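Enquirer:
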Amino acid sequence: MPHSFGYRARTRYMFARKFREHGPLHLSTYMKVYKVGDIVDIKGNGAIQKGMPHKFYHGKTGVVYNVTKSAVGVIVHKRVGNRFMEKRVNIRIEHISHSKCRDDFLRRVKDNAAAAKAARESGVRVSLKRLPAQPREARFVSTKDNEPTTINAIPYDINASSKEILMSMATMTTATTGDDLRRKKHVPAAVERHVEPWLHFVAGGLGGMVGAVATSPLDVLRTQQQLYGTTALQGTQPRPNIMVRSIYPLIRTGGFLKEIYLREGVKGWYAGLGPALAGIIPARAIQFFTYGNGKRILTQWNGGRETPLVQLSAAGLAAVVTTTATSPIWMVKTRMQIQRGKYANSLSCLRSIIQKEGIIGLYKGTSASYLGASESAIQWMIYERLKYFMSLRRSNEPGTRKHGKTVLDWFEYFGAAASAKLLASLASYPHEVLRTRLRQPPDAHGVVKYKGLVRSTKIIYLEEGIRGFYGGLTPHLLRTVPNAAIMFLAYELVIYYFGTTPKTH
């Protein structure tokens, strides 16, 4: 219960002075001139107890009706029930200030007086009344030497509501005037590019192959750093000091690649590329096929609305299906990178795993791979959102495009894919380390160090700390970010140039 309901109860913060405005009042407070009719704001000052207003009037605006040596009379309208009552209060000047509501009026009075004086001196008659703003200048698009053309095709993944917006914009963009428009044939507002289901499969496989070949050396380096943690790649050259490792990660990565080259030649950069391609091509084909068609089906179930939840669900489904189908191939690839020289080829590695560990050995690390579904889902959702915003920006550009996409558009796709992969990798990289450790073969005594997802997590944390979950992050980003950008760019190119276009609408 409050202590009282008195005259100044609960006004500690109401009447408090502003930050760094303590101490004696400024002399300008007493130098201000108040006249009858001035509009003032009532603000109680807790430092001056004399002539302080009641807390009800704090923050109110009123009109001065009387000025004396000790106080200023202010008229304030107080609402009581359904009517307003005129209240007259006497307040000292420390608790009032000129209101800002008349600044614009006073400025116009001053400007008008100056304009009238200048008009009298020049003998020119001038009107000082305010005039309403005139309409903005209209713009017309002429069809002379400017054949109306179809605007850029709507991307295949724009949802239904966005299509309606873009089609309405296209109608306004292609508007013309005069008899020239009547002689032109009807121009469709938009063309939707239809994609056959098998085209997702082919485009994904081609994109994955190009990206894997281009970034294979960094994939080998990333696997070794994940496997051996911070002690990886201690060979012919001494490791740089801590300052160099922290400031120059790119130089350190280049040194590691050079060390692999000196020790094993160019072949060492492409160790495991055969099974990698055998896994990447079908994996990316399955992933893009499942995502593209899954998104289409989920969009139909959602009433034709392609929401971020639909994209997230389709990406998660594609990741789970791809991981289950290609886990044995990734197991062979990882073993060949870790134990180079032990296996003659991918087939001998596959036979060795089945003989020593059984069929279950091909699916080691699958539980950690399923955690990677979150990375894929995040990546797809960010990429789709960036494409959506790029499409809206292009639709607002003045004029129309006559030759489809430009080079800048493809660079935007490249940048969107790289940004999406970078953010997704930073958010879910530890699962990559766990997956690689779980696929590590038994030691010379047949003991498997990493068993199970929870146990492996504890071992890595106790032995290496949080840093152990981010071993090989730099080469991983150097490999996956350009890999994803190249792969998605190739996918979009195939979809754009080989997609069929049904009748416009």
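For the sequence shown, our numbering gives the first residue as 549, with consecutive numbering after it. We treat Cβ as the ideally placed atom computed from N, Cα and C, and that holds for glycine. Keep in mind that this is a model prediction, so the values were computed, not measured.
Find the nearest neighbour of Thr1005 within the set Thr914, Arg985 and Asp991, judged by alpha-carbon distance.
Expert: Arg985
Enquirer: Return the first residue and the last residue of the alpha helix (DSSP H) that Arg1003 is part of.
Expert: Leu1001 to Glu1012
Enquirer: Return helix, strand or coil for Met938, following the three-state DSSP convention.
Expert: helix
Enquirer: Run through DSSP, which three-state label would Tyr911 get?
Expert: helix
Enquirer: In this structure, does DSSP put Val581 in helix, strand or coil?
Expert: coil
Enquirer: Among Val758, Val768, Phe749 and His574, which residue has its Cα nearest to the Cα of Glu807?
Expert: Sorting Val758, Val768, Phe749 and His574 by C-alpha distance to the C-alpha of Glu807 places Val768 at the top.
Enquirer: Return the chain-ordered list of same chain residues with a C-beta closer than 8 Å to the C-beta of Phe749, the five sequence neighbours on each side being excluded.
Expert: Ala833, Ile834, Phe836 and Phe837
Enquirer: Could you check where the alpha helix (DSSP H) with Ser896 kicks off and where it finishes?
Expert: Ser894 to Glu905
Enquirer: Looking only at C-alpha atoms, which of Arg684, Tyr839 and Arg844 sits nearest to Val869?
Expert: The option with the nearest alpha carbon to Val869 is Tyr839.
Enquirer: I need the straight-line Cα distance from Leu1026 to Thr771, nearest angstrom please.
Expert: 13 Å
Enquirer: Just the C-alpha distance for Leu956 and Thr874, rounded to the nearest angstrom, thanks.
Expert: 35 Å
Enquirer: DSSP three-state label for Met600, please.
Expert: coil
Enquirer: Below 8 Å between beta carbons: does that hold for His643 and Pro601?
Expert: yes
Enquirer: What does the alpha-carbon distance come out to for the pair Asn566 and Thr559?
Expert: Here residue 566 is Lys; the residue named in the question, Asn, does not match the sequence. Here the C-alpha atom of Lys566 lies approximately 14 Å from the C-alpha atom of Thr559.
Enquirer: Note down, one range per segment and in chain order, each beta strand (DSSP E) of at least 3 residues found wholly within the stretch 631–668.
Expert: 631–639 and 644–646
Enquirer: Answer yes or no: do Lys603 and Arg640 have a C-beta to C-beta separation smaller than 8 Å?
Expert: 8 Å or more divides the Cβ of Lys603 from the Cβ of Arg640.
Enquirer: Quick check on Ile829: buried or exposed, where buried means 16 or more other Cβ atoms within 10 Å of its Cβ?
Expert: buried
Enquirer: From Ser939 to Arg1015, what distance separates their C-alpha atoms?
Expert: 40 Å
Enquirer: Which class does Tyr613 belong to by DSSP, given the choice of helix, strand or coil?
Expert: Strand at Tyr613.
Enquirer: Going by C-alpha to C-alpha distance, which of Thr871, Ile845 and Pro876 sits closest to Ala862?
Expert: Out of Thr871, Ile845 and Pro876, Ile845 has the C-alpha closest to the C-alpha of Ala862.
Enquirer: Would you decide whether Leu654 is buried or exposed? Buried here means 16 or more other CB atoms lie within 10 Å of its CB.
Expert: Leu654 should be labelled exposed.
Enquirer: Can you grab the Cα-Cα spacing for the pair Tyr1045 / Trp878, in whole Å?
Expert: 32 Å
Enquirer: Cα-Cα, which of His979, Leu970, Tyr1009 and Arg1003 is closest to Asn1031?
Expert: Leu970
Enquirer: Between which residues of its own chain and Thr608 is the CB-CB distance below 8 Å, once the five residues before and five after are set aside?
Expert: In the sequence as presented, Thr is not what sits at residue 608; that position holds Lys. These residues qualify, in order along the chain: Asp589, Ile590 and Val624.
Enquirer: Quick check: the Cα distance between Leu1001 and Pro978, rounded to an integer number of angstroms?
Expert: 12 Å
Enquirer: Whose C-beta lies closer than 7 Å to the C-beta of Thr1028 among residues of the same chain, with five residues either side of it excluded?
Expert: Sequence-distant partners of Thr1028 (beyond 5 residues in either direction) whose C-beta falls short of 7 Å from its own C-beta, in its chain, are Lys969 and Ser973.
Enquirer: Please return the same chain residues whose Cβ sits closer than 8 Å to the Cβ of Asn593, not counting the five positions on each side in sequence.
Expert: Cβ within range, chain order: Phe563, Arg565, Leu573, Met600, Glu642 and His643.
Enquirer: Out of Asp586, Asn614 and Gly571, state which residue places its alpha-carbon closest to the alpha-carbon of Ala595.
Expert: Answer by Cα proximity: Gly571.
Enquirer: What are the boundary residues of the beta strand (DSSP E) that Ile587 is part of?
Expert: Segment Ile587 to Ile590, the beta strand (DSSP E) holding Ile587.
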